[in-house]
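Here is the structure we will look at.
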Amino acid sequence: MNITANLFVKEIEPCLEFWVTRLGFEKVTEVPDGKRLGFVILKKGNAELMLQSLQSVSKDVAPIANDVYRSALYITVDDLKPIRKALKGVPLVVPERRTFYGADEIIVRDPAGNVVSFAHHTGG
């Protein structure tokens with residue numbers, strides 16, 4: 003089984019700087035919706051992420067297009083150092099922290115407002 007997150011965003015283009023330029027994902031699939039992007043698939047290693055514009059969602063699955071919510075991603079990484087460097091200047095949701103379950107975490111929001119937590123598990 004594989005689970006891939008699909009984040010619904012107002013506009014895809016502003017999110018690409020965050021995911022592609024800063025975090026090194028590659029855009030592997032692109033579906034236009036008029037003059038804008040309606041859907042993309044991004045990949046980095048084994049990680050896959052889909053972004054879909056709300057306009058595209060309204061055409062595809064109309065009942066969920068008007069829901070008011072945000073998504074959250076929890077991404078485990080081997081090392082926070084490159085993440086810290088890539089996210090320089092991006093506001094943190096909370097200061098970088100160590101959790102009671104032994105994870106060092108950096109938590110930010112992407113340009114669409116989704117919470118993205120990067121975690122390195124230290125084991126205690």
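Going by the working numbering, the sequence shown opens with residue 3, and the numbers climb by one from there. Even glycine gets a Cβ: it sits at the ideal position worked out from N, Cα and C.
Requested in this report: Go ahead and pull the three-state DSSP assignment for Ile5.
Outcome: Locating residue 5 in the sequence shown gives position 3, counting from the first residue. Coil, per DSSP.
Query raised in the report: Can you check whether the CB of Leu53 is closer than 8 Å to the CB of Val117?
Result: As a first step, residue 117 is located in the sequence shown; it is residue number 115 there, counting from the start. As a first step, residue 53 is located in the sequence shown; it is residue number 51 there, counting from the start. No, Cβ-Cβ distance for Val117 and Leu53 is not below 8 Å.
Query raised in the report: If you run the structure through DSSP and keep just helix, strand and coil, what is Pro84?
Result: Along the sequence shown, one-based indexing puts residue 84 at 82. Of the three classes helix, strand and coil, the one that applies to Pro84 here is helix, per DSSP.
**Report entry** Element boundaries [beta strand (DSSP E), containing Ala49]
**Finding:** Taking the first residue of the sequence shown as 1, we reach residue 49 at position 47. Counting along the chain, the beta strand (DSSP E) containing Ala49 begins and ends at 49–55.
Requested in this report: Assuming Leu82 contacts Phe120 (C-beta within less than 8 Å), just tell me the rounded distance between them.
Outcome: What you label residue 82 is simply residue 80 of the sequence shown in a count that begins at 1. What you label residue 120 is simply residue 118 of the sequence shown in a count that begins at 1. Right, their Cβ atoms sit about 6 Å apart.
**Report entry** Residue interval of the beta strand (DSSP E) (run including Ile109)
**Finding:** Position 107 of the sequence shown, counting from 1, holds the residue named residue 109. Start and end: 105–111.
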